[in-house]
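Asker: Residue numbers (the numbering used here), protein chains in the order written: chain A, -1 to 306; chain B, 55 to 426. A virtual CB, placed ideally from N, CA and C, is assigned to each residue, including glycine. The structure presented is a predicted model; accordingly, all values stated were derived computationally and were not measured. My structure is below; once you've seen it, I'll send some questions.
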């Protein structure tokens, strides 16, 4: 029997659990999280963005974290919000209004600093069936926009932020989470896909304006299904540019992925071997584009060719 | 308070097989806070229970194990670099604490995380060692004149040096306790008994007895207990690895007398036996039985719990403060300690502010210069 989903609870019950000593426990891909918060904003975030995730009726959780106001005067005034990972405060407080993005950024950090059972690459990952594409990207390259558009057009979301590569099999494990959209891409996605669920926009963050797109139901229910990397695509959004695809050798790709890894230095030789294996089983490309339609059509054609 | 699950596991790793989900929920977090998560991987492997652990727990331990393996390799590599640097100027060195466990390939190194590399060099060679380390890229971090003088005049080490590229930190010692401490071990005795590391010229670790005594002294003559349980576990693992040799404990007790470390040895044996069931024969270290009043026991028991909210009680804050004061008192006589603490509480802050203001001023001048 599949586990009950979070939205089997009322918003009020979610709020109460978040504020209880036991916390609210649910599964995000391979991670069982336990979240604490007294904030209605966080309850709303969990309800809107994670409502379709499986609840965990379990006394054990992998990651315990809280998004909450600090104790004392700052807390009473509701000027600031803290992220706590178990007992630690790894970040300085943020303005109160940024509690919801803080939840996402903080959780990224928890995973990237503890999940060394995987080689973790900073990349979006989307799949057709059990073949997936890694989309690494420096800020501004259009990684998240492309990821959101692909996911809204039928690709399965594994992650918009990190590829979790199993060290023994080289398979990519999904950790589907809300897709983080920034600045102009928020309206682009809203315009193209009015059906997607977007969080409110949060202005003046260190990344500009951010909003989150809810992960599709199908991606969340397939969170237990690993995929094999088939493509690595280095996007480069360039206003007005014609779509242009260029080849990248497996060797170049290995080095670029190494550069974009969160924990390769930590895993040493073992991590490098699996990275090289993944890069050599993939076709790698640079993709310069300005038209999302053309970019998506190119992705679809790759998947089609692979199935044929 | 019930014994924290992490301590129960360290005392008897086989109990991991019977721990329920709620127990693991706390144990994993306590272990992470105490820097002992990878130690649990190793302990589970040794006790043959790794495969029997809940899958999620096994995964957490494996992730920590990957991190610890890397720490082990990096520490080895760093010691080689340091050795090569000092070999050039013909100065011998003894590797201390965690890095020594790595170089001597001891059980205690397995699953352990490492911070600074600690080394011991002859006091007369300090100036040469500092110059050589500086040339090789290890830079002194704290350039405060008061701190520098304080270290050089009273301490058993010089200010930490950090490698400019790799960020690794080295602590250079010329003794294992401050010159001002009540207990006065003789560095020449440590050197006489030091054991060479195979494959290296002039690279040593302390003799097993001395290594154990240093571990006890480091823990029980120090004021900081945030890594207390990790350090007690080091002592316990060294004790288990060395302790089987016939006459070992008699040797340790005699050596403790020579090095003026009887008191910390007694405390270490007492608390390792009580908390971690290390089973050191207390007849050979009678001081363990007279470990002190019930008060010191109560304070140390709190100090040695994992540094995690689930292992604190209303007495913990007071206990940690008492240990902090005790540590300072043991390291420095009052006529030196009082002026030092006063300086730290008053003038140091004033000077820091002045330095900060001066830096701001320089930055502004620099910006003005760039704007021209």
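#1: Residues in its own chain within less than 8 Å of residue 200(A) by CB, not counting five upstream and five downstream?
#2: Can we count residue 36(A) as close to the ligand SAM, meaning its CB is less than 6 Å from some heavy atom?
#3: Name, going along the chain, the residues of the segment 83 to 110 of chain B whose beta-carbon falls closer than 8 Å to a beta-carbon of chain A.
#4: Could you name the residues of the same chain whose beta carbon sits closer than 7 Å to that of residue 112(B), not counting the 5 residues immediately before and after it, in chain order?
#5: Going by C-alpha distance, which of 173(B), 217(B), 180(B), 177(B) is nearest residue 194(B)?
#6: Can you find the residues in the same chain that come closer than 6 Å, C-beta to C-beta, to residue 241(B), ignoring five residues on each side of it along the sequence?
#7: Run down chain A in chain order and give the residues with a C-beta less than 7 Å from the C-beta of residue 430(B).
#8: Looking at residue 179(A) and residue 142(A), is the spacing between their C-beta atoms short of 7 Å?
#9: When the cut-off is 7 Å and only beta carbons count, does residue 55(A) lie next to chain B?
#10: Using only CA atoms, which one of 148(A), 195(A), 163(A) lies nearest to residue 265(A)?
#11: For the alpha helix (DSSP H) containing residue 109(A), name the first residue and the last one.
#12: Only counting the same chain, and skipping five residues up and downstream in sequence, which positions put a Cβ closer than 7 Å to that of residue 205(A)?
#13: Quick one: Cα of residue 157(A) to Cα of residue 223(A), how far?
#14: Compare the beta carbon distance of residue 162(B) and residue 288(B) with 7 Å and say whether it is the shorter of the two.
#15: Please classify residue 232(A): does DSSP put it in a helix, a strand, or coil?
#16: The segment 117 to 143 of chain B: which residues have C-beta closer than 8 Å to a C-beta of chain A, in chain order?
#17: Got a sec? Which residues, its chain only, sit under 8 Å from residue 374(B) by beta carbon, not counting five neighbours each side?
#18: Going by DSSP, what residue range makes up the alpha helix (DSSP H) through residue 62(A)?
#19: Under 7 Å, Cβ to Cβ, is there at least one residue of chain B near residue 155(A)?
#20: Out of curiosity, what's the CA-to-CA distance linking residue 66(B) and residue 285(B)?
#21: Does the structure place the segment 290 to 304 of chain A close enough to the segment 256 to 274 of chain A that three or more beta carbon pairs sit under 8 Å?
#22: Are residue 139(B) and residue 186(B) closer than 7 Å when you measure CB to CB?
#23: Give the DSSP bridge partners of residue 130(A), in chain order.
#24: Against chain B, does residue 128(A) count as a neighbour if the rule is that its beta carbon must be under 7 Å from one of theirs?
#25: Look up residue 216(B) in the DSSP assignment and say whether it is helix, strand or coil.
#26: Report the three-state DSSP secondary structure of residue 148(B) (helix, strand or coil).
#27: What's the call for residue 250(B), buried or exposed, on a 16-neighbour Cβ count within 10 Å?
#28: Tell me residue 224(B)'s beta-bridge partners as DSSP assigns them.
#29: Give the residues of chain B in contact with residue 59(A), contact being defined as C-beta atoms less than 8 Å apart.
#30: Please list the partners that residue 30(A) has in chain B, where partner means a Cβ-to-Cβ separation under 8 Å.
#31: Could you give the residue range of the beta strand (DSSP E) that holds residue 192(B)?
#32: With a threshold of 7 Å between beta-carbons, can residue 265(A) be considered close to chain B, or not?
#33: Starting from the Cα of residue 192(B), find the closest Cα among 142(B), 225(B), 97(B) and give me that residue.
#34: Span of the alpha helix (DSSP H) holding residue 297(A)?
#35: Just by C-beta distance, which residues in the segment 83 to 117 of chain A are closer than 7 Å to chain B?
#36: Where are the alpha helix (DSSP H) runs, 4 residues long or more, that stay fully inside the segment 246 to 282 of chain B, in chain order?
Answerer: A quick look at the data gives this:
#1: 95, 96, 98, 99, 207, 208, 209
#2: This structure lacks the ligand SAM; in fact it carries no ligand of any kind.
#3: The segment 83 to 110 of chain B vs chain A, Cβ under 8 Å: 83, 86, 87, 108, 110.
#4: 104
#5: Ranking the options by Cα distance to residue 194(B), first place goes to 217(B).
#6: 229
#7: Residue 430(B) is absent from the structure shown; chain B starts at 55 and stops at 426.
#8: It is a contact, given that the beta carbons lie within the stated cut-off.
#9: For residue 55(A), no CB of chain B lies under 7 Å from its own CB, so it is not counted at the interface with that chain.
#10: Cα-wise, what sits closest to residue 265(A) is 163(A).
#11: 97 to 112
#12: 180
#13: 13 Å
#14: yes
#15: strand
#16: 117, 118, 120, 121, 123, 124, 127
#17: 279, 356, 357
#18: Here residue 62(A) belongs to no alpha helix (DSSP H); instead the beta strand (DSSP E) covers 61 to 66.
#19: Interface annotation, residue 155(A): not in contact with chain B, CB-CB separation never under 7 Å.
#20: 17 Å
#21: no
#22: yes
#23: 125(A), 227(A)
#24: It does not; no Cβ of chain B falls within 7 Å.
#25: strand
#26: strand
#27: exposed
#28: 171(B), 215(B)
#29: Per Cβ cutoff of 8 Å: 79.
#30: 110
#31: 192 to 194
#32: yes
#33: 225(B)
#34: 290 to 305
#35: 84, 85, 112, 113, 114, 115
#36: 262 to 274
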